[in-house]
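Reading through the structure tokens given below for one structure.
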Amino acid sequence: MKKISLSDITQEDFDLAAQTVIAGIKAYNRKLDTRAGTVLRDLLVDPEAAIESVVSGQIEEARKSSSLVRMKEAQDAGEEIDQEDVNAILSNFNITPSSGTKAKGIVKVVVSDGTFTYSVAEGTVFKTVSGIEFSVDSQVIAANPDIDNPSVTATSKLYEGAAGYFFLVPVTAVEYGSAGNIQNGTSLEPASLVSSFVMAEAYKDFGGGSDVQSLDSVIESIPSGLSIRGFVSKTAAEGMLRAEFDSGEFPIVAVSAVGYGDIAQRRDKHNLLGVGVGGRIDLYVRNFSDLYTITKTVKGTLAGSGVYVLDISPSDFPGACWIKSVSDPFTKSDNEDVLDSLAVSEDLKFTYRTADLSGTWHDIDVSENASEAFNSIWQGFRIRLVDVPYSYDEGSSGEERGWMVERDFKVTMYCLPQADKIQAYVDRDDIRSVSTDVVVRCPIICNVSVNAVVHYDPKNPIDESVAKNSIRTYINGLGFVGRITRSDIVQILKNLGAVSVDMPNEDMLYGVLHDAFGVSHVLSGDALDISTIEDGPAMLSANTVVFASEESNIQIKMIPNS
Amino acid sequence: MRSNSEVNYSGRTVDLLLLKTILDVPVVNRRVGVDVSNVDGVPMIVTGVEKMVQRFVLAFINAIGSAKFRPEYGTEIVPNVSKGLVYNKSTLEVEAAEANLMARVQVMEGDEGEDTPDDERLVASEVVDLDFSRDKSKVMISIRLDTAAGKSYTYIIPVAVGVH
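In structure tokens:
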């Protein structure tokens, strides 16, 4: 709570307090002369009024600090609020607000000499021009694999790139917040000297950074904090998950409980008549703002000319939603230009979901297909890749070109962070409902692209990266809203100062998602409305889908008004 | 209550006595000063013309800007004397005339809208004498105060600051 001093008191406050003191004095003795310039006024009334106004100001501050609504009003009016006050109020409801998360990413350090061994110590700080700092997660020792140096145990390779050599350094933002979600290519400076250093930049978009829970969100979370603790309603389920996970690395953004009567609930229809009987809840959890991915190397088996099959077990990517990319980690050179050029994920239409229910008591029927296990920790994938490039140009026995029988692929999947932990929590003996079977799922992710032309006043320019970031932050902060529209995006841009916004009819908004059967759905136009593609058996409804967007999917053309 | 026996003071508003003034002495000795004669006794109150004199003197010697919520209350004579800006009788004349005017206006503004008795209501004031050299640590300013009751009173106001 802010400490009020005389400098915080306005003339109006003081005059009011003086009138109160004078009224008190007059009530005692009406003959006392309290006009300005009298001794009574100068030496008694005014000092007392000053003290009184400070005390009144402090009481008012205390009142304000004990009301979230009043704090919100003050914040909207531009005042700074004390997070400690917010925490103190929420503690009455057994709620701990999210303190935000730190962004993570990889820094590409470009150096001029390919013969050195480079070491970057844990905790080394890299800083953007705008002052955002990132700390190295653990020591990185990068060496050229072509140079034999037994005295060095390298933890990373030194790659040859277009501008010299480079190595990659995993980092985490020093401060919490979405400001750390910097874009691919953002320039960074190391705090300490790296020998033959040329430059450093963000390698791919950084992600995972989220801000301290907003007051709006805090106020919205109070009903869930006060609700009955048990998996009996969306509000109650959200309250339980928030209490357990909000103070951790992946605070809850939104929860959707799909139960009895919801078209996307299939598990409570396991009876002869196929009618819903209740007792089953699918808990769709959004605990990520920017999309969360896991990348792993997965072995593929040759299944024909240029065809490989990758069997991905549930434990590899728990709570996976869909495949982001499959690429070839065996580049013929380590040149950065070809690192991703061998991506073979252009056509994943042969991908389907699998399931491994061993060890679970949950009621999930996968006798016909694995769709009931979709986006849960029991879901796996079978990916069939076609047109995979040759593995070698000449075989050991002299044959020309061919594919290895087994080889590795780099697979990146969109996942639910901490899916294992959340499912384990709801299954805990002291937590789980005795009457309800609760399965945790990653929401179906509708990956949104935005295309807009922004006209702005040259005297009031709009930063393109800020505009993109604002749109991305908006979309990625949504819960299970079921619909986003052109006007939502236009409003964001106008709030940033856009004079007008044009969005072409065809691809102003474009969204892609995959239902429980793995079927791809495309939405486009001036609104992405999930209700238009609702499908119960495919477990597709507004209650199972969240919108998300990546920086590269937001295209904005900035045009100054002449 | 300090009062003039010729005037009826019943029903008057009163102030605390801080600055002692002496009416029944020759003009040359009518000084205004803090009343230390009754330090250990009960506080005294004042009314009538002496209350008006006290108000005038407080406004005259208060440094303008020193009261946070009454920034225009007071005059600049004390700060200017202490800053060495008053270095001879001529400069003191200017400063005293200006301070007199400001104090008078403030006292008269305080009477506006009030049912102030005539002998407490200031209608004019004038600097009549200045003593710059009597004591090196003070300047003595003699001001004549005229009330609406028609009586004039001249008081010597010492400004006790280091004078260069």
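Residue numbers (my numbering), protein chains in the order written: chain A, 2 to 563; chain B, 22 to 185.
Positions of the beta carbon are idealized from the N, C-alpha and C atoms, including for glycine.
Item: Within 8 Å of any Cβ in chain B, is that where the Cβ of Asp-43/A sits?; Value: yes
Item: Compare the C-beta of Thr-21/A against all C-beta atoms of chain B and say whether one is closer than 8 Å.; Value: no
Item: Any idea what DSSP makes of Arg-487/A, helix, strand or coil?; Value: helix
Item: Around the Cβ of Thr-137/B, are there at least 16 other Cβ atoms within 10 angstroms (buried) or fewer (exposed)?; Value: buried
Item: So what does DSSP say about Met-559/A, is it helix, strand or coil?; Value: strand
Item: For Ile-107/A, which option in Asp-247/A, Ile-142/A, Val-513/A and Asp-206/A has the closest C-alpha, if you only look at C-alpha atoms?; Value: Asp-206/A
Item: By DSSP, does Gly-403/A sit in helix, in strand, or in coil?; Value: strand
Item: By how many angstroms is the C-alpha of Lys-73/A removed from the C-alpha of Val-600/A?; Value: What the structure shows of chain A is the stretch from 2 to 563, and residue 600/A is not part of that stretch, so it cannot be assessed.
Item: Out of Ile-10/A, Asn-30/A and Lys-3/A, state which residue places its alpha-carbon closest to the alpha-carbon of Arg-33/B.; Value: Asn-30/A
Item: Comparing alpha-carbon positions, which option in Pro-146/A, Gly-275/A, Met-414/A and Met-405/A lies nearest Ala-596/A?; Value: Because chain A is modelled from 2 through 563, residue 596/A falls outside the range shown and cannot be assessed.
Item: According to DSSP, simplified to helix, strand and coil, what is Ile-476/A?; Value: helix
Item: Output yes if chain B places a C-beta closer than 8 Å to the C-beta of Lys-4/A; else output no.; Value: no
Item: Look at the alpha carbon of Lys-109/A and the alpha carbon of Thr-125/A, and state the distance between them as a whole number of angstroms.; Value: 14 Å
Item: Should the segment 76–92 of chain B be called in touch with the segment 120–127 of chain B, which here means at least 3 C-beta pairs below 8 Å?; Value: yes
Item: Just the C-alpha distance for Asp-438/A and Ala-104/A, rounded to the nearest angstrom, thanks.; Value: 35 Å
Item: Does Val-40/A come within less than 8 Å of chain B when only Cβ atoms are used?; Value: yes
Item: Taking a Cβ distance cut-off of 8 Å, strictly less, list which residues of the segment 190–218 of chain A are near chain B, in chain order.; Value: none
Item: Going by C-alpha distance, which of Asn-376/A, Trp-362/A, Thr-361/A and Asp-263/A is nearest Tyr-353/A?; Value: Asn-376/A
Item: Going by C-alpha distance, which of Asp-217/A, Glu-535/A, Ser-248/A and Ser-550/A is nearest Asn-544/A?; Value: Glu-535/A
Item: Taking Arg-36/A as the query, report the chain B residues whose CB atoms sit under 7 Å from its CB, ordered along the chain.; Value: Gly-131 and Glu-135
Item: By how many angstroms is the C-alpha of Pro-146/A removed from the C-alpha of Gly-301/A?; Value: 25 Å
Item: Secondary structure at Ile-446/A, three-state DSSP: helix, strand or coil?; Value: strand
Item: Checking 8 Å against the spacing of the C-beta atoms, do Gly-101/A and Asp-212/A come in under that value?; Value: yes
Item: Using a Cβ-Cβ cut-off of 8 Å, state whether Lys-41/B counts as contacting chain A.; Value: no
Item: Measure the CB-CB distance between Ile-142/A and Thr-154/A and report whether it falls below 8 Å.; Value: yes
Item: For Lys-104/B, count the other beta carbons within 10 Å of its own beta carbon; 16 or more makes it buried, fewer makes it exposed. Which is it?; Value: exposed
Item: Which residues in chain B sit within 8 Å of Gln-12/A, going by Cβ to Cβ distance?; Value: Phe-90
Item: Can you find a CB in chain B that lies within less than 8 Å of the CB of Asp-9/A?; Value: no
Item: Please determine, among Val-46/A, Ile-5/A, Met-2/A and Phe-15/A, the residue with the shortest C-alpha to C-alpha distance to Ile-23/A.; Value: Val-46/A
Item: Among residues of its own chain, excluding the 5 on either side of Pro-505/A, which ones have a beta-carbon nearer than 7 Å to its beta-carbon?; Value: Asn-452
Item: Are the C-beta atoms of Lys-32/A and some chain B residue less than 8 Å apart?; Value: yes
Item: Given that Val-35/B touches chain A, what residues does it touch there, using C-beta distances under 9 Å?; Value: Asn-30, Lys-32, Leu-33, Asp-34 and Leu-41
Item: For Tyr-108/B, would you say it is in contact with chain A, using Cβ-to-Cβ distances shorter than 8 Å as the test?; Value: no
Item: Does the beta carbon of Phe-15/A come closer than 8 Å to any beta carbon on chain B?; Value: yes
Item: Please confirm whether Ser-132/B and Leu-41/A have their CB atoms less than 8 Å apart.; Value: Per the sequence shown, residue 132/B should be read as Asp rather than Ser. Their beta carbons are not under 8 Å apart, which means Asp-132/B does not touch Leu-41/A by this criterion.
Item: Which whole-angstrom value describes the C-beta separation of Val-70/A and Val-121/A, a residue pair presumed to lie in contact below a C-beta threshold of 8 Å?; Value: About 48 Å separates the two Cβ atoms, so there is no contact after all.
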